[in-house]
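If you use my numbering, the sequence shown corresponds to residues 336 to 660, in order.
Ideal placement from N, C-alpha and C gives every residue a C-beta, glycine not left out.
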Amino acid sequence: MKGRSLDALWRELVAGRLTVESLGTTGVYAAPGEGEWLSSMLSPRDQRGPIELVLGAAAELAAGEPLEALVSIQAAQAAGVELALLDRVLLGIGLDGEGRKRDVGTLRPATWLLTAAAQAAAVGRVHARGGRFVGSGVLVDAGLLVAAAAGRPALLTCAHVCTDVPGALPTGWPAPLAPEEAEVRFPGFPAAGPGQTVAVAGVLWRAPVAELDACLLGLATPPAGVAPLAVSEVEVQPLDSRVYLMGFPRGEELAISMEQSVVRGVAEGRLTYDLDALRGTSGGPIFHWADLGLVALHRGERGDYRQGTLLEGLAWVARQSGSIP
């Protein structure tokens, strides 16, 4: 292999044999047999050189094993492969559910996998203490909404998941979990160490369910090894922006929804989009593909689309109120 570039090896060994068909919520799938064929070429990870590590990551993505691909990407970085090169080589896989068509946003597969690992670790499960699952939430810096609490990790979720003063509720909606009854479980996905449970220590800020439907929960202790997530600096534009969502549908394992990700509308602090989202993902974080930053909270269905609450809208209301509304 001496004297042949990584890109050349990619074209020769992978591009002609790999046919990506579709993207699910947890991985990329290849035509039958092709992911297995490519994987069979590869030695165990600890015996691979840099080129084989990169090809291994491609094979693992194609076989629907994103966590294995993440480990290979981290190993390739440790072996001296630059992230930009990893992005360029893995771009042929197609992580956006539309194969090679990427006319909106910026897709960087290796960068995204590394970022998504940290993002996933910061997505929490909201439960009644010791009991039932209620919804999802995301670890943020409390200073996002409460200037005096800057630097303090807090959980942002929907008010219809957990709040102390819900306000008027839509017909048929159950009452939210009270903060004194709540705990947050961080499963440790995928590399933040073992799972951990943190008690809720009250409400730092809220917006009623009938309005922007959000609640910032103080935590008794910050989760160990989990960092608050960065907020997107890119404005969301209808029909010209794409997003992805993390959460715990039906209280099951963490899922990442990426297909049908076009933003349909932005108005009055909310956005609508096409993402697939089941019950239990309420309060889950929504990320902008353009810079992989946190941009909104998932709220639920709105007609034929799904609806989220923009962090920008929450921040505007917080600035106007100056304290808990």
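How about residue i and residue j: do their beta carbons lie closer than 8 angstroms?
{"i": "Gly-618", "j": "Thr-607", "result": "no"}
{"i": "Leu-512", "j": "Val-566", "result": "no"}
{"i": "Pro-663", "j": "Leu-627", "result": "Outside the shown range of the chain, which is 336 to 660, sits residue 663, and nothing can be said about it."}
{"i": "Glu-417", "j": "Ala-404", "result": "no"}
{"i": "Val-535", "j": "Leu-551", "result": "no"}
{"i": "His-633", "j": "Ala-653", "result": "no"}
{"i": "Val-544", "j": "Leu-504", "result": "yes"}
{"i": "Val-496", "j": "Gly-523", "result": "no"}
{"i": "Leu-425", "j": "Pro-401", "result": "no"}
When we look at the beta-carbon of residue i and count the other beta-carbons within 10 Å, is it buried (16 or more) or exposed?
{"i": "Ala-494", "result": "buried"}
{"i": "Glu-588", "result": "exposed"}
{"i": "Gly-604", "result": "buried"}
{"i": "Trp-651", "result": "exposed"}
{"i": "Glu-518", "result": "buried"}
{"i": "Thr-298", "result": "Because the chain spans 336 through 660 in this model, residue 298 falls outside it and cannot be assessed."}
{"i": "Ser-656", "result": "exposed"}
{"i": "Glu-387", "result": "buried"}
{"i": "Ile-642", "result": "Position check: residue 642 holds Gln in this sequence, whereas Ile was assumed. Counting Cβ neighbours within 10 Å, Gln-642 comes out buried, since at least 16 surround it."}
{"i": "Leu-574", "result": "exposed"}
{"i": "Glu-356", "result": "In this prediction, Glu-356 scores a pLDDT of 35, lower than 50, which makes its location untrustworthy; the coordinate-derived value is nonetheless stated afterwards. When all chains shown are included, Glu-356 counts as exposed."}
{"i": "Trp-447", "result": "buried"}
{"i": "Pro-509", "result": "exposed"}
{"i": "Gly-415", "result": "exposed"}
{"i": "Pro-488", "result": "buried"}
{"i": "Ala-451", "result": "buried"}
{"i": "Asp-548", "result": "buried"}
{"i": "Ala-631", "result": "buried"}
Would you say residue i touches the ligand ZN, meaning its beta carbon is less than 7 angstroms from a heavy atom?
{"i": "Val-578", "result": "This structure does not include the ligand ZN; it has no bound ligands of any sort."}
Go ahead and pull the three-state DSSP assignment for residue i.
{"i": "Val-652", "result": "helix"}
{"i": "Ser-407", "result": "helix"}
{"i": "Asp-381", "result": "helix"}
{"i": "Leu-627", "result": "coil"}
{"i": "Val-519", "result": "strand"}
{"i": "Leu-425", "result": "helix"}
{"i": "Val-496", "result": "coil"}
{"i": "Pro-505", "result": "coil"}
{"i": "Pro-543", "result": "coil"}
{"i": "Leu-551", "result": "strand"}
{"i": "Thr-532", "result": "strand"}
{"i": "Gln-572", "result": "coil"}
{"i": "Leu-474", "result": "strand"}
{"i": "Arg-614", "result": "coil"}
{"i": "Pro-444", "result": "helix"}
{"i": "Asp-438", "result": "Low confidence applies to Asp-438: its pLDDT is 36, below 50, so where it sits in the model is not reliable, and the reading given next is rough at best. Three-state DSSP puts Asp-438 in coil, outside helix and strand."}
{"i": "Glu-387", "result": "helix"}
{"i": "Pro-558", "result": "coil"}
Please look up how many angstroms separate the CB atoms of residue i and residue j, rounded, as I've assumed it's under 8 angstroms.
{"i": "Glu-516", "j": "Arg-464", "result": "6 angstroms"}
{"i": "Gly-582", "j": "Gly-530", "result": "About 16 angstroms; that fails the 8 angstroms criterion."}
{"i": "Ala-590", "j": "Phe-521", "result": "The pair is not a contact, with the Cβ atoms about 16 angstroms apart (cut-off 8 angstroms)."}
{"i": "Gly-486", "j": "Asp-476", "result": "7 angstroms"}
{"i": "Ile-621", "j": "Leu-580", "result": "5 angstroms"}
{"i": "Leu-421", "j": "Val-458", "result": "At roughly 24 angstroms, the Cβ-Cβ gap does not stay under 8 angstroms, so Leu-421 and Val-458 are not in contact."}
{"i": "Val-598", "j": "Arg-577", "result": "7 angstroms"}
{"i": "Leu-726", "j": "Leu-629", "result": "As shown, the chain starts at 336 and ends at 660. That puts residue 726 outside it, with no answer to give."}
Beta-carbon of residue i versus every beta-carbon of chain B: anything under 8 angstroms?
{"i": "Arg-577", "result": "No chain B is part of this structure, which consists of one protein chain only."}
| query | Should the stretch 467 to 485 be regarded as contacting the stretch 537 to 552, the criterion being three or more beta carbon pairs within less than 8 angstroms? | reply | Output reads yes: the stretch 537 to 552 touches the stretch 467 to 485.
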